[in-house]
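In this note's numbering, the protein residues as written are 95 to 522.
Heads up, the beta-carbon is just placed ideally off N, CA and C, and yes, glycines get one too.
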Amino acid sequence: MFIDLPQVNLPRLVIVGGGFAGIELAKQVRNRFQVVMIDKNNFHTFQPLLYQVATAGMEPDSIVFPLRKLFKGVKHFHFRLAEAQEIIPTKNIIKTSIGEIEYDYLVIATGSTTSYFGMERLMANSMPMKSISEALDLRSCILQNFEKAINTPDLKEREALMNLVIVGGGPTGVELAGALGELKKHVLPNDYPELDFRRMQIHLIDSGERVLGSFEEKASLAAKKFLEELDVHVWLNMRVTDYDGLEVTTDSTEEFRAATLIWAAGVVGVRIQGIPDSAKTRGGRIRVDAFNQVVDTTNIFSLGDVAAMETDATPQAHPQVAQVAIQMATNLGKNLKRSATTREGWKPFQYKDKGSMATVGRNRAVVEASFMKTQGIFAWFVWMFIHLIALVGFRNRVVVFFNWLVNYINYDRGLRVIIRPFLPRKNS
Ligand SMILES: Cc1cc2nc3c(=O)[nH]c(=O)nc-3n(C[C@H](O)[C@H](O)[C@H](O)COP(=O)(O)OP(=O)(O)OC[C@H]3O[C@@H](n4cnc5c(N)ncnc54)[C@H](O)[C@@H]3O)c2cc1C
């Protein structure tokens, strides 16, 4: 059964995914194509601030934006809340959870999801943080464990309920660990005066030689120092191999006891069935050419985290970051507008790396941008400014700004509410 969509005299471009890549492409090609966007959520998520939702610093509504509102009034734009299930390239059809859609051009911008590298017990017992619902689950899980801890007479058990282990020392793990360090220092002791917070431990574990491995060494060292100032124990060259919900096993002699383990150590592309086998590449990604066209297809493209453009310059493909997704979408949008049929004048994708940044609690950040490299309080202001302007929606920018201002002045996190159902967790 086909989904009901108006027939117009424009080529139909179906975009799967309203993430950074999907929304940028839809903006680029508006009015030139009939754009049908499919997403399993009716909102765009600003993932770089998920950790603030997870640590009670921000309400979820501030970092998401309704996709219908984003494209309100745009002619020939149609949104459908649906999950894309299978592509049939020979018929130019995509099957979704609500029916089939015919396309002239198809763009897969489905992003990535957490990868546990096949470690099933770890997956069953740990907390990911890749979506707004996972960030809320994490917040509830941490707070619920503190509620349990105050009623637990056994000291070892109580410590385990308070302890937190974060696996993965990339920007996500570092920012989360910093925010949790702030919670431990300034917020939780006020809420739970019965608990001895000297006994609470936050561990950040990474298999590499330094945190923020993709940054320069100076920035990595600064981030580690900032974390240690917040009482975060940083463990390097260490791999977590198992977790039963309480005991964390590593490839070293070190073992940890914690009721919460947050997994920020890997992602895998979200592929849809029907992609040619020749286009499937490592990390669950889709192999594309220099114009983001999926190899061995004629009218299917892929953008962002799920796309892998493996060239001599980027044998491992581009990093899975927002800037790559946005720039790929801008380039494809411009090419499609030049001429979708003849492809005359099409330009290959060239990534302009504008740099990276990560924050570690208040007043501390590292910035490695094309225009500056800095660490500390100035970097923190730069980090805040860049994230504010990158947020989707004026209301969100205002709300986030005031949230940060209030948190900065009173050192508090006002959103320590448990609004998710109690999660069934083994052994805890
Ligand atoms: C916690 C965290 C922090 C991050 N911090 C940074 C940062 O500081 N800087 C940075 O540059 N990058 C950061 N990133 C990475 C950045 O968010 C991603 O690179 C970016 O979101 C990729 O954009 P995308 O459009 O490819 O995918 P996404 O933004 O993930 O969007 C994919 C969309 O596809 C939808 N979807 C998926 N499968 C289906 C399906 N089958 N059917 C329908 N819809 C589907 C999803 O609902 C989603 O809306 C962070 C990521 C995380 C998780």
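Is the CB-CB distance between ILE132 and VAL108 below 9 Å? Along the sequence shown, one-based indexing puts residue 132 at 38. Along the sequence shown, one-based indexing puts residue 108 at 14. A contact, by the Cβ cut-off of 9 Å.
To which residues does DSSP link ALA401 through a beta bridge? Here residue 401 refers to the residue found at position 307 of the sequence shown. ILE380.
GLY360 vs THR139 beta-carbon contact at 9 Å: For the purposes of this step, residue 360 is taken as residue 266 along the sequence shown, with counting starting at 1. For the purposes of this step, residue 139 is taken as residue 45 along the sequence shown, with counting starting at 1. Contact flag unset, no.
What separation, rounded to the nearest whole angstrom, lies between the Cα atoms of GLY263 and LEU426? Here residue 263 refers to the residue found at position 169 of the sequence shown. Here residue 426 refers to the residue found at position 332 of the sequence shown. Approximately 33 Å between the Cα atoms of the pair.
What is the DSSP secondary structure of ASP285, counted as helix, strand or coil? As a position in the sequence shown, residue 285 is number 191, starting the count at 1. DSSP places ASP285 in helix when its eight states are reduced to three.
Sequence-distant residues of its chain with Cβ nearer than 6 Å to TYR145 (five each side left out): Here residue 145 refers to the residue found at position 51 when the sequence shown is read from its first residue. Closer than 6 Å at Cβ, skipping near neighbours: GLU269, LEU270 and ALA273.
Do VAL305 and LEU330 have their C-beta atoms within less than 9 Å of each other? In the sequence shown, residue 305 corresponds to position 211, counting from 1. In the sequence shown, residue 330 corresponds to position 236, counting from 1. Contact flag set, yes.
Secondary structure at GLU438, three-state DSSP: helix, strand or coil? Residue numbering aside, residue 438 sits at position 344 when the sequence shown is read from its first letter. DSSP places GLU438 in coil when its eight states are reduced to three.
Ligand 1 heavy atoms versus the CB of PRO142: any closer than 8 Å? The residue given as residue 142 occupies position 48 in the sequence shown. Indeed, a heavy atom of ligand 1 lies less than 8 Å from the Cβ.
Span separating the alpha-carbon of ASN501 from that of VAL454: Taking the first residue of the sequence shown as 1, we reach residue 501 at position 407. Taking the first residue of the sequence shown as 1, we reach residue 454 at position 360. C-alpha separation (whole angstroms): 15 Å.
Residues that DSSP places opposite ALA459 in a beta bridge: Position 365 of the sequence shown, counting from 1, holds the residue named residue 459. ALA459 pairs with THR453.
Can you name, in chain order, every residue of its own chain whose Cβ lies under 8 Å from the Cβ of VAL415, other than the five neighbours on each side? For the purposes of this step, residue 415 is taken as residue 321 along the sequence shown, with counting starting at 1. Correct list, in chain order: SER450.
On a CA-only basis, which of TYR337, GLY398 and ASP155 is nearest SER227? Give me that one, please. Taking the sequence shown and counting its residues from 1, one reaches residue 227 at position 133. Checking every option, the nearest Cα to that of SER227 belongs to ASP155.
Residue closest to LEU161, alpha-carbon to alpha-carbon, out of ALA423, VAL486 and ASP399: Here residue 161 refers to the residue found at position 67 of the sequence shown. It is VAL486 whose Cα lies nearest to the Cα of LEU161.
Locate the beta strand (DSSP E) running through ILE296, then write down its first and last residues. As a first step, residue 296 must be located in the sequence shown, where it is residue number 202. 296-299 is the span of the beta strand (DSSP E), which, as asked, contains ILE296.
Use the C-beta contact count for GLN421: other C-beta atoms within 10 angstroms, 16 or more gives buried, fewer gives exposed. What you label residue 421 is simply residue 327 of the sequence shown in a count that begins at 1. By the 10 Å Cβ count, GLN421 comes out buried.
If I'm right that ILE192 touches ALA176 with Cβ under 8 Å, what's the distance once you round it to whole angstroms? In the sequence shown, counting from the first residue as 1, residue 192 sits at position 98. In the sequence shown, counting from the first residue as 1, residue 176 sits at position 82. So it is a contact: roughly 4 Å between Cβ atoms.
Which whole-angstrom value describes the C-beta separation of PRO183 and THR391, a residue pair presumed to lie in contact below a C-beta threshold of 8 Å? Walking along the sequence shown from the start, residue 183 turns up at place 89. Walking along the sequence shown from the start, residue 391 turns up at place 297. PRO183 to THR391, Cβ: 6 Å. Contact.
Can you grab the Cα-Cα spacing for the pair ARG519 / VAL389, in whole Å? Sequence index remark: in the sequence shown, residue 519 carries index 425 (1-based). Sequence index remark: in the sequence shown, residue 389 carries index 295 (1-based). Residue confidence is low: ARG519 scores 48 on pLDDT, short of 50, so the model does not pin down where it sits. Its coordinate-derived value is still stated next. About 43 Å.
Cβ neighbours of VAL382 in the same chain (closer than 6 Å, five flanking residues each side left out): Taking the sequence shown and counting its residues from 1, the one referred to as residue 382 is at position 288. For VAL382, where only same-chain residues beyond five positions count, the Cβ hits under 6 Å are VAL388, SER396, ALA401 and MET403.
Alpha carbon to alpha carbon, how far is PHE465 from ILE503? Give it in angstroms, no decimals. For the purposes of this step, residue 503 is taken as the residue at position 409 of the sequence shown. For the purposes of this step, residue 465 is taken as the residue at position 371 of the sequence shown. If I take the Cα positions, the gap works out to 30 Å.
Cβ-based burial, ASN521 [other Cβ within 10 Å; buried from 16]: As a first step, residue 521 is located in the sequence shown; it is residue number 427 there, counting from the start. Unreliable placement is indicated for ASN521, whose pLDDT of 39 sits below 50; no coordinate value is reported for it.
On a Cα-Cα basis, can you pick out the residue from THR424, LYS278, VAL494 and TRP474 that is closest to GLN122? Indexing the sequence shown from 1 puts residue 122 at position 28. Minimum Cα distance to GLN122 is reached at THR424.
Among VAL130, LYS278, SER301 and THR335, the one whose alpha carbon lies nearest that of GLU322: By 1-based counting over the sequence shown, the position of residue 322 is 228. Minimum Cα distance to GLU322 is reached at LYS278.
Beta strand (DSSP E) runs contained entirely in the segment 305-380, provided each spans 3 or more residues: 326-329, 334-337, 341-344, 349-351, 354-357 and 361-363
If you follow the beta strand (DSSP E) that HIS481 is in, where does it begin and where does it stop? Here residue 481 corresponds to residue number 387 of the sequence shown, with the count starting at 1. Note, HIS481: premise wrong, no beta strand (DSSP E); alpha helix (DSSP H) at 471-484.
Go ahead and label PRO100 buried or exposed: buried means 16 or more other beta carbons lie within 10 angstroms of its beta carbon, across all protein chains shown. Counted from its first residue, the sequence shown places residue 100 at position 6. By the 10 Å Cβ count, PRO100 comes out exposed.
DSSP three-state assignment for SER522, whether helix, strand or coil: For the purposes of this step, residue 522 is taken as the residue at position 428 of the sequence shown. Summary for SER522: the model assigns pLDDT 35, below 50, so the residue's position carries little reliability; its value from the coordinates is reported in the next sentence. Of the three classes helix, strand and coil, the one that applies to SER522 here is coil, per DSSP.
Closer than 8 Å: ALA358 CB and nearest ligand 1 heavy atom: Locating residue 358 in the sequence shown gives position 264, counting from the first residue. The answer is yes for ALA358.
I think ALA150 touches ARG456, with their Cβ atoms under 8 Å apart; what is that distance to the nearest whole Å? In the sequence shown, counting from the first residue as 1, residue 150 sits at position 56. In the sequence shown, counting from the first residue as 1, residue 456 sits at position 362. Rounded, the Cβ-Cβ distance is 14 Å, inconsistent with contact.
Where DSSP assigns a beta bridge to LEU175, which residues make up the other side? One-based indexing of the sequence shown puts residue 175 at position 81. According to DSSP, which records beta bridges pairwise, LEU175 is partnered with ASP133.
Please confirm whether ASP399 and GLY205 have their CB atoms less than 9 Å apart. Against the sequence shown, residue 399 aligns to sequence position 305. Against the sequence shown, residue 205 aligns to sequence position 111. Yes.
How close, in whole Å, do the beta carbons of ALA358 and VAL460 come, if the pair is a contact with beta carbons under 8 Å? In the sequence shown, residue 358 corresponds to position 264, counting from 1. In the sequence shown, residue 460 corresponds to position 366, counting from 1. 17 Å between Cβ atoms; not a contact.
ASN257 classed as buried or exposed, judged by whether at least 16 other C-beta atoms fall within 10 angstroms: On the sequence shown, position 163 is the one that residue 257 refers to. Buried, by the Cβ-count rule.
9 Å Cβ cutoff met for VAL259 and ILE356: On the sequence shown, residue 259 is found 165 positions in, with the first residue counted as 1. On the sequence shown, residue 356 is found 262 positions in, with the first residue counted as 1. It is a contact, given that the beta carbons lie within the stated cut-off.
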